[in-house]
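K.L.:
Numbering (our numbering), first residue to last: 28 to 429.
(1) In terms of residue numbering, what span does the alpha helix (DSSP H) encompassing residue 331 cover?
(2) Quick one: measure Cβ to Cβ for residue 136 and residue 235, integer angstroms, because I've assumed they're closer than 8 Å.
(3) Would you kindly work out how many angstroms separate the C-alpha atoms of residue 406 and residue 336, rounded to a whole number?
(4) What distance in whole Å lies between the Cβ atoms of residue 378 and residue 390, which are believed to be in contact at a cut-off of 8 Å?
(5) Grouping DSSP H, G and I as helix and E and B as strand, with all else coil, what is residue 430?
(6) With a threshold of 16 other CB atoms inside 10 Å of the CB of residue 44, please say whether the residue is buried or exposed.
(7) Please identify the residue among 189, 244 and 149 whose C-alpha is closest to the C-alpha of residue 200.
(8) For residue 404, which residues from the same chain have a beta carbon less than 6 Å from its beta carbon, with the 5 sequence-adjacent residues on both sides left out?
(9) Please report the straight-line C-alpha distance between residue 181 and residue 233, rounded to a whole angstrom.
(10) Going by the beta-carbon positions, is the gap between residue 198 and residue 219 smaller than 8 Å?
(11) With a cut-off of 8 Å, do at least 3 Cβ pairs link the region 92-102 to the region 65-79?
(12) Would you list, in sequence order, the uninterrupted beta strand (DSSP E) runs of no fewer than 3 residues that lie entirely inside the region 122-201?
(13) Cβ of residue 230 versus every heavy atom of the ligand SAH: is any distance shorter than 7 Å?
(14) Whole angstroms is fine: what's the gap from residue 154's alpha carbon to residue 105's?
(15) Given a cut-off of 8 Å, decide if residue 98 and residue 61 are closer than it, judged by their beta-carbon atoms.
(16) Just to confirm, are residue 250 and residue 75 a CB contact at a threshold of 8 Å?
(17) Quick one: residues in its chain with C-beta nearer than 7 Å to the C-beta of residue 252, no 5 flanking neighbours on either side, listed in chain order?
(18) Mind checking which residues open and close the alpha helix (DSSP H) that includes residue 102?
(19) Can you tell which of 277, 163 and 102 has the C-alpha that lies nearest to the C-alpha of residue 65?
(20) Suppose you measure from the CA of residue 116 to the CA of residue 123; what does that come to, to the nearest Å?
(21) Taking the alpha carbon of residue 358 as the reference point, which residue from 384, 400 and 267 has its own alpha carbon closest?
(22) Give me whichever residues DSSP pairs with residue 205 in a beta bridge.
(23) By the three-class DSSP mapping on this structure, what secondary structure does residue 397 have?
(24) Starting from residue 407, follow its DSSP beta bridges and name the residues at the other end.
(25) In angstroms with no decimal places, state the Cα-to-Cα distance between residue 184 and residue 133.
(26) Per DSSP, which residues does residue 89 bridge with? Please list them.
(27) Suppose the cutoff is 8 Å on Cβ atoms and the five residues either side in sequence are ignored; what does the same chain contact list for residue 107 look like?
(28) Select from 111, 83, 81 and 129 the residue whose C-alpha is nearest the C-alpha of residue 46.
(29) Per DSSP, residue 363 is paired with what?
(30) Which whole-angstrom value describes the C-beta separation of residue 216 and residue 230, a residue pair presumed to lie in contact below a C-beta threshold of 8 Å?
(31) Can you give me the C-alpha to C-alpha distance between residue 214 and residue 207, rounded to a whole angstrom?
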């Protein structure tokens, strides 16, 4: 499907999200030995002083940088006049995320044996020699050429370079893309072609990504600009991480609030269901209580009517009951009021002498304003004649009408 040019332009990443690989032939390249007494923290100052001493132009007219590697006794300095760079780059290079020469992605790349590297793009070719285990090229040169002139140009570069043994492996790297990865670190993609004698793993050369100090040293922009940009990116990265954690915390809080709301809604629905079923529960509970009482009466042969009749037959006029409770084994608890203590004592004696009641506890009495409230706990038993009749009735079989 064809795209409109305006749409394609909108879909392009901003310049600040691009990596600019400058043609290597724009740069003057020089390998510089590091003095043994130089401290690693002084390497940037040493490189700046060196480029000042060997360049015919002041630093403010140059774009320059250098390749370095740990435990390496040399650096690879390169510099280009700013006017030459402006001829091939339409936008200010300060607007880009990174600006490096085409061969800079090879910074601190180590090879298991002496190796010849050719970096070939549409605008030119670069020849680099790497000694065994050395992360900085021992030789680097470049030339402008068209793709169809590449073989001839590489031949000229080899003729001017230090001679290598014919058995030295040769690797051709053709840049395909350069994009920003995580934390704004560039990732350079290459198509790698190895000679038959090369023992290097081809896959590790198809994607190169120098990081940290090595990358900032390789960038060709002004040192003050790079220092300011490095600080700004660090602050931006910390701010982005803080914002990300804050967003995660807010999301977790929102999820918690939604879960709490859902729990409240579920709890409200459950409570509503319980409230709707409460009348039915109360009815069932009342029925169960009634059934329990009936079972208790049947199991314990309770005779509440007979007990009340016997109590009332002996009760004098000066005493009345406020509450009576018949429990298992025909135990009856009576709460009542008597006109005086003597009447209560007489009633208690009458109950015990009746042969049907036995006083289980001493009466509990309280006398106020001439009235005596009392609580009696009695055990009821059938009179002898009634008990004999009940036993005889229980022992005889039922007769049918047939």
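For glycine and all other residues, C-beta sits at the position ideal for the given N, C-alpha and C.
P.N.:
According to the data block:
(1) Mapped onto the chain shown, residue 331 falls at position 304. Per DSSP, residue 331 belongs to the alpha helix (DSSP H) from 331-341.
(2) For the purposes of this step, residue 136 is identified with residue 109 of the chain shown, where counting begins at 1. For the purposes of this step, residue 235 is identified with residue 208 of the chain shown, where counting begins at 1. About 7 Å separates the two Cβ atoms, so the contact holds.
(3) Stepping through the chain shown from its first residue, residue 406 is reached at position 379. Stepping through the chain shown from its first residue, residue 336 is reached at position 309. Using only the alpha carbons, I get a separation of about 15 Å.
(4) Residue numbering aside, residue 390 sits at position 363 when the chain shown is read from its first letter. Residue numbering aside, residue 378 sits at position 351 when the chain shown is read from its first letter. Not quite, the Cβ-Cβ distance comes to about 10 Å (not below 8 Å), so this is no contact.
(5) Lying before the first or after the last residue shown, residue 430 is absent from the chain, which here runs from 28 to 429.
(6) Here residue 44 refers to the residue found at position 17 of the chain shown. It is exposed - the Cβ of residue 44 has fewer than 16 other Cβ atoms within 10 Å.
(7) Looking up residue 200 in the chain shown gives position 173. When each option's Cα is compared against that of residue 200, the closest is 149.
(8) Position 377 of the chain shown, counting from 1, holds the residue named residue 404. Cβ within range, chain order: 360, 387 and 388.
(9) Stepping through the chain shown from its first residue, residue 181 is reached at position 154. Stepping through the chain shown from its first residue, residue 233 is reached at position 206. Their Cα atoms are separated by approximately 21 Å.
(10) Along the chain shown, one-based indexing puts residue 198 at 171. Along the chain shown, one-based indexing puts residue 219 at 192. Their beta carbons are under 8 Å apart, which means residue 198 touches residue 219 by this criterion.
(11) Short answer: they touch.
(12) 125-128, 142-147, 151-157 and 166-171
(13) As presented, the structure is devoid of all ligands, the ligand SAH included, so that no description of it is given.
(14) Numbered from its first residue, the chain shown carries residue 154 at position 127. Numbered from its first residue, the chain shown carries residue 105 at position 78. Take the alpha-carbon of residue 154 and the one of residue 105: they are about 14 Å apart.
(15) Numbered from 1 along the chain shown, position 34 holds the residue referred to as residue 61. Numbered from 1 along the chain shown, position 71 holds the residue referred to as residue 98. No; because the gap between Cβ atoms is not below 8 Å, this pair is not in contact.
(16) Within the chain shown, numbered from 1, the residue matching residue 250 stands at position 223. Within the chain shown, numbered from 1, the residue matching residue 75 stands at position 48. Residue 75 is positioned such that its CB atom lies closer than 8 Å to that of residue 250.
(17) Along the chain shown, one-based indexing puts residue 252 at 225. Short of 7 Å from the beta carbon of residue 252, and not among the five residues preceding or following it, lie these beta carbons of its own chain, in chain order: 121.
(18) Locating residue 102 in the chain shown gives position 75, where the first residue counts as 1. No alpha helix (DSSP H) contains residue 102, which is instead part of the beta strand (DSSP E) from 101-108.
(19) As a working mapping, residue 65 is identified with position 38 in the chain shown. That would be 102, whose Cα lies nearest to the Cα of residue 65.
(20) Start at 1 with the first residue of the chain shown, and residue 116 comes out as number 89. Start at 1 with the first residue of the chain shown, and residue 123 comes out as number 96. The straight-line gap from Cα to Cα measures roughly 11 Å.
(21) To locate residue 358, count along the chain shown from 1; it is residue 331. The shortest C-alpha separation from residue 358 is found at 384.
(22) Residue mapping note: residue 205 aligns to position 178 of the chain shown, counting from 1. As a beta-bridge residue in DSSP terms, residue 205 pairs with 215.
(23) Taking the first residue of the chain shown as 1, we reach residue 397 at position 370. Of the three classes helix, strand and coil, the one that applies to residue 397 here is coil, per DSSP.
(24) As a first step, residue 407 must be located in the chain shown, where it is residue number 380. Residue 407 pairs with 384.
(25) Along the chain shown, read from residue 1 onward, the residue named residue 184 stands at position 157. Along the chain shown, read from residue 1 onward, the residue named residue 133 stands at position 106. Looking at the backbone, the Cα of residue 184 and that of residue 133 are separated by about 19 Å.
(26) Residue 89 sits at position 62 when you count from the first residue of the chain shown. 108.
(27) In the chain shown, counting from the first residue as 1, residue 107 sits at position 80. So the list reads 49, 53, 54, 55, 89, 90, 91 and 247, once near-sequence residues are dropped.
(28) One-based indexing of the chain shown puts residue 46 at position 19. Out of 111, 83, 81 and 129, 129 has the C-alpha closest to the C-alpha of residue 46.
(29) Position 336 of the chain shown holds residue 363. By DSSP's assignment, residue 363 forms a beta bridge with 348 and 401.
(30) Working through the chain shown from its first residue, we reach residue 216 at position 189. Working through the chain shown from its first residue, we reach residue 230 at position 203. Not a contact, Cβ separation roughly 12 Å.
(31) Numbered from its first residue, the chain shown carries residue 214 at position 187. Numbered from its first residue, the chain shown carries residue 207 at position 180. Roughly 6 Å separates the two Cα atoms.
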